[in-house]
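The structure under discussion appears below in the form of structure tokens.
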Amino acid sequence: MNGGVHDEYILNRLMQGGAVSGEALSRELGVSRAAVWKDVLHLREAGWHIDASPRVGYHLVSPEDGLLPMDVYAGLDTQRYGRTAEYHVELDSTNVRAKQWAQQGAPDGALVVAETQTAGRGRLARKWISPAGMGIYMSLIMKLNVPMQQLARAMPAVPLGVCRGLSEFSDDAVRIKWPNDIVCAGRKVCGMLLEAQAGVDGVDWLIAGIGINAHQRIEDFPPEVQATAASIDMLTGRRCVRAEVLRAVLREIERCADMFISGRGDALMEEYSRASATLGRRVRVLAGDGEFEAEALRIADDGALIVRLDDGAERAVYAGDVSVRGLMGYV
């Protein structure tokens, strides 16, 4: 961050909510109160609205429809997820930052949010377009304490939680397109990139990178996806409050993760299957060995999509591009 020497520290401190006195900041930073004031002026010049009151201190006023930690915390109904949060105006990728934080010892449920990403990624190394202020671009650090071989049964907690959360903001059915896309009215509203690190005793952490289309209009999407993408605003006809959406998603991901942690993994998979927009449908699969059509049957314990080929044989699909008839332009 350009400007004052301690701008980033002061901004992150104020983002937690409430007033912070100049005396407290000067003590924490080991500088004079005059130096703190100079840094506050730099932040104001950069566009941050910071109020200063005698005997009270400095108070950050969140921008309209903000996603600052204090916006997330207000009304957050979770035990762990989102209780510790970082906000960035711009990042290359929230997943990259979340991995760094996880390696530094971030707590379970730590959250990284950015207004825009310059190198956001989706599945299959695809670029995720992240226009500033129009979406929710986040990465959640999850410490599930499971052996690596059980991770595939835990991972559905993320798309199912997102599906549950977004269902609160749509009158149309919200569904999961295998493995991690969220669709509504035949269009993609959200994509995810899940990345894990294995340790000696199991999974050290799972990073759930989630991109939710919130305020985009059809012309805001790249031409190549305008026929297949949608935002919450487009689907509902009204402007959503991003912090409300984020809080609902965090709450439901935590509840779904707790289903697995408490030994209800079968119930988690059953609900994931019921929410699927893929199972029971005709699909087209673009895999490493070519393209084929089949009927989607079920999700295996290892996360594979089991399909029935036209000759009656069953095949497990672990990776690749799966199109579902009737969704996102596949007819």
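1 is the number of the first residue of the sequence shown in the UniProt record's numbering; add one for each residue after it.
Every residue, glycine too, gets a C-beta built ideally from N, C-alpha and C.
Cβ-Cβ distance between residue i and residue j below 9 Å
| i | j | result |
| --- | --- | --- |
| Ile129 | Pro222 | yes |
| Ala304 | Ala316 | yes |
| Arg308 | Asp77 | no |
| Thr116 | Gly133 | yes |
| Val283 | Val322 | yes |
| Tyr318 | Asp301 | no |
| Asp181 | Gly191 | yes |
| Cys256 | Arg175 | no |
| Gly57 | Ala19 | yes |
| His59 | Asp51 | yes |
| Pro159 | Pro179 | yes |
| Leu286 | Arg298 | no |
| Val162 | Val203 | no |
| Glu293 | Tyr81 | no |
| His6 | Ala35 | yes |
Where residue i sits in the DSSP three-state scheme
| i | result |
| --- | --- |
| Val322 | strand |
| Lys188 | strand |
| Val146 | coil |
| Tyr81 | coil |
| Leu76 | coil |
| Asn2 | With a pLDDT of 45 at Asn2, under the threshold of 50, the modelled position of this residue cannot be trusted; read the value that follows with caution. Asn2: coil per DSSP, three-state reduction. |
| Thr118 | coil |
| Val140 | Correcting the residue identity first, residue 140 is Leu in this sequence and not Val. Strand, per DSSP. |
| Ala196 | strand |
| Leu286 | strand |
| Val331 | Annotation note: pLDDT 42 at Val331 (below 50); position unreliable, no value reported. |
| residue 333 | Residue 333 lies beyond the stretch modelled for the chain, which goes from 1 to 331, so this question has no answer here. |
| Ala316 | strand |
Terminal residues of the alpha helix (DSSP H) in which residue i lies
| i | result |
| --- | --- |
| Gly312 | That residue, Gly312, is in no alpha helix (DSSP H); it is neither H nor E in DSSP. |
| Glu45 | 33 to 45 |
| Ala106 | No alpha helix (DSSP H) holds Ala106; DSSP gives it neither H nor E. |
| Val158 | 157 to 167 |
| Gly280 | Premise fails: Gly280 is in no alpha helix (DSSP H) and is neither H nor E. |
| Arg298 | Element bounds for Arg298: not the alpha helix (DSSP H) but the beta strand (DSSP E), 290 to 299. |
| Leu14 | 7 to 15 |
| Arg153 | 151 to 154 |
Residue range of the beta strand (DSSP E) that includes residue i
| i | result |
| --- | --- |
| Gly237 | It is not in any beta strand (DSSP E) - Gly237 carries neither H nor E in the DSSP assignment. |
| Asp204 | 202 to 213 |
| Gln226 | Segment: none, Gln226 is in no beta strand (DSSP E) and carries neither H nor E. |
| Ile50 | 50 to 53 |
| Gly22 | Run containing Gly22: none in the beta strand (DSSP E); it sits in the alpha helix (DSSP H), 22 to 29. |
| Leu60 | 57 to 60 |
| Arg175 | 174 to 177 |
Between the CA atoms of residue j and residue i - distance to the nearest angstrom
| i | j | result |
| --- | --- | --- |
| Asn2 | Gly320 | Low confidence applies to Asn2: its pLDDT is 45, below 50, so where it sits in the model is not reliable, and the reading given next is rough at best. If you take the alpha carbons of Asn2 and Gly320, they lie about 42 Å apart. |
| Val331 | Arg325 | Low confidence applies here, because Val331 scores a pLDDT of 42, under 50, leaving its location unreliable and the question unanswered by this model. |
| Gly209 | Leu140 | 7 Å |
| Gly109 | Ser26 | 30 Å |
| Ser170 | Asp39 | 43 Å |
| Ala313 | Asp220 | 43 Å |
| Leu29 | Trp37 | 12 Å |
| Met234 | Ser167 | 14 Å |
| Ala248 | Gln216 | 20 Å |
| Lys177 | Arg274 | 12 Å |
| Phe260 | Ala154 | 6 Å |
| Glu244 | Val72 | 8 Å |
| Ala24 | Gln79 | 29 Å |
| Gly211 | Pro54 | 41 Å |
| Ala173 | Cys184 | 6 Å |
| Tyr272 | Gly105 | 31 Å |
| Trp48 | Glu64 | 12 Å |
| Thr84 | Gly290 | 44 Å |
Residues near residue i in its chain [Cβ-Cβ closer than 7 Å; skip 5 each side]
| i | result |
| --- | --- |
| Gln16 | Pro69, Met70 |
| Gly265 | Arg153 |
| Ala214 | Met134, Gly135, Ile136, Ser231, Ile232, Asp233, Cys240, Arg242, Val245 |
Beta-carbon contacts of residue i that lie in its chain and below 6 Å, excluding the five residues immediately before and after
| i | result |
| --- | --- |
| Tyr9 | none |
| Gly186 | Leu327 |
| Lys143 | Asp108, Trp205 |
8 Å Cβ shell around residue i - same chain, five flanking residues per side excluded
| i | result |
| --- | --- |
| Leu67 | Tyr87, Val113, Glu115, Ile136, Arg242, Ala243, Leu246 |
| Trp101 | Glu86, Ala110, Val112, Ile141 |
| Thr236 | Phe169, Ser170, Asp171 |
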